[in-house]
Amino acid sequence: MIEPTDRVVSGRHCELAVREWSGTNPGWIALISHGYGEHSGRYQWVAEQLVGARALVYAPDHVGHGRSPGDRVYFEDAETVVADLETLRREVAAEHPELPVVLIGHSMGGMLAARYAQEHQEHLAAVVLSAPVLGTWHVLDLLEHDVIPDTPIDPATLSRDPEVGAAYVADPLVWHGPIKRATLQAVDDCLLAINDGPMLDKPTLWVHGEDDELVPEADTRTGIDRIRGSEFHEHIYPGGRHELLNETNKAEVMNDILTFIGRELNS
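Be aware that the sequence shown starts at 4, since it is given in this note's numbering, and climbs by one per residue.
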């Protein structure tokens, strides 16, 4: 096991907790943007595989998530979270100016990664979007209610591996309460901005599970089709649920991701 080290980065609203995984002779930087309600510590296995492929890995806890301060899972403008990612990128790029940067985003973090890539493409070598919230998202229907109902995530929708769901339920750093109206509205606003934004010119890989109930592949595709550039690649995995990198075939998914990254970094 590669133990992460901790650092903080000055975000737009608070000092963000960041996990860093490193090995010897790094050849590139991986930035991980985690999903709604979770935290960077859930990416331990992912980070170890990336380090094994010569990455320096940095993963912040978004504001209001994990070990970062702020009202839990609350933000009023997704652009501030995107700005936090850019602050972290600037800081680590200044320490390692010779290393290319790859941005990896999952779920809501995939939405943030897509928006980041639209605004800062010149700083990225490649982008990986894992089950990103793009296009339309059924959870936004909750905004029609005067009081947002509590709709907890069914842990079985995360992975076919039941241990993933059990660990998710038991994780004290995961938010298990109701979603906040302001956060939902911020996601809605961000999706509209992405739909109206520029194409993704940097090499981009989209991976999604065919049986993803939390962020259905067909809904994401409506957003993907608006922003896919000329160097866009996709893998849709039969039977895959929402967290492909915690799935029973996670080694296959990771191999596809690392093959894509390696090809782009060496092209």
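Even glycine gets a Cβ: it sits at the ideal position worked out from N, Cα and C.
Whether residue i touches residue j by CB criterion (8 Å)
i, j, result
"glycine 138", "arginine 10", "no"
"valine 1", "aspartate 87", "This structure leaves residue 1 out entirely; the chain is present only between 4 and 270."
"histidine 37", "alanine 62", "yes"
"tryptophan 31", "valine 131", "no"
"histidine 211", "isoleucine 182", "no"
"leucine 127", "proline 29", "no"
"glutamate 267", "proline 206", "yes"
"serine 110", "histidine 245", "yes"
"aspartate 215", "alanine 96", "no"
"glycine 243", "glutamate 250", "yes"
"tyrosine 77", "alanine 185", "yes"
"serine 25", "leucine 59", "yes"
"methionine 114", "cysteine 193", "yes"
"arginine 75", "tryptophan 178", "yes"
"isoleucine 5", "glutamate 51", "yes"
Simplified DSSP state of residue i, which is helix, strand or coil
i, result
"tryptophan 140", "coil"
"isoleucine 279", "Residue coverage of the chain in this structure runs from 4 to 270, which leaves residue 279 outside it and unanswerable."
"isoleucine 107", "strand"
"threonine 251", "coil"
"alanine 96", "helix"
"alanine 50", "helix"
"leucine 59", "strand"
"valine 11", "strand"
"arginine 266", "helix"
"methionine 257", "helix"
"threonine 27", "coil"
"arginine 70", "coil"
"arginine 231", "coil"
"arginine 45", "helix"
"valine 85", "helix"
"leucine 102", "coil"
"glutamate 125", "helix"
Enclosing alpha helix (DSSP H) for residue i [first to last residue]
i, result
"tyrosine 240", "Looking at the DSSP string, tyrosine 240 is not in any alpha helix (DSSP H); the run it does join, the beta strand (DSSP E), is 235-240."
"alanine 117", "111-122"
Endpoints, the beta strand (DSSP E) within which residue i is located
i, result
"threonine 207", "207-212"
"serine 133", "129-133"
"leucine 19", "18-24"
Heavy atom of the ligand ATP within 7 Å of residue i beta-carbon
i, result
"asparagine 252", "Among the components modelled here there is no ligand, and therefore nothing to report on the ligand ATP."
CA-to-CA distance, residue j to residue i, given in whole angstroms
i, j, result
"leucine 195", "arginine 229", "11 Å"
"glutamate 213", "lysine 253", "14 Å"
"glycine 69", "aspartate 174", "10 Å"
"threonine 8", "aspartate 191", "34 Å"
"glutamine 121", "asparagine 198", "11 Å"
"proline 241", "leucine 248", "14 Å"
"tryptophan 209", "glutamate 18", "30 Å"
"leucine 309", "leucine 187", "For the chain, the structure presents residues 4 to 270; residue 309 sits outside this window and is missing."
"alanine 56", "glycine 226", "30 Å"
"glutamate 89", "tyrosine 119", "8 Å"
"alanine 189", "valine 84", "11 Å"
"histidine 141", "threonine 27", "44 Å"
"leucine 161", "arginine 92", "29 Å"
"isoleucine 151", "serine 270", "48 Å"
"arginine 231", "histidine 148", "33 Å"
Checklist entry - What are the start and end residues of each continuous alpha helix (DSSP H) run of 4 or more residues lying completely inside the region 147-225, in chain order? => result 165-173, 184-198
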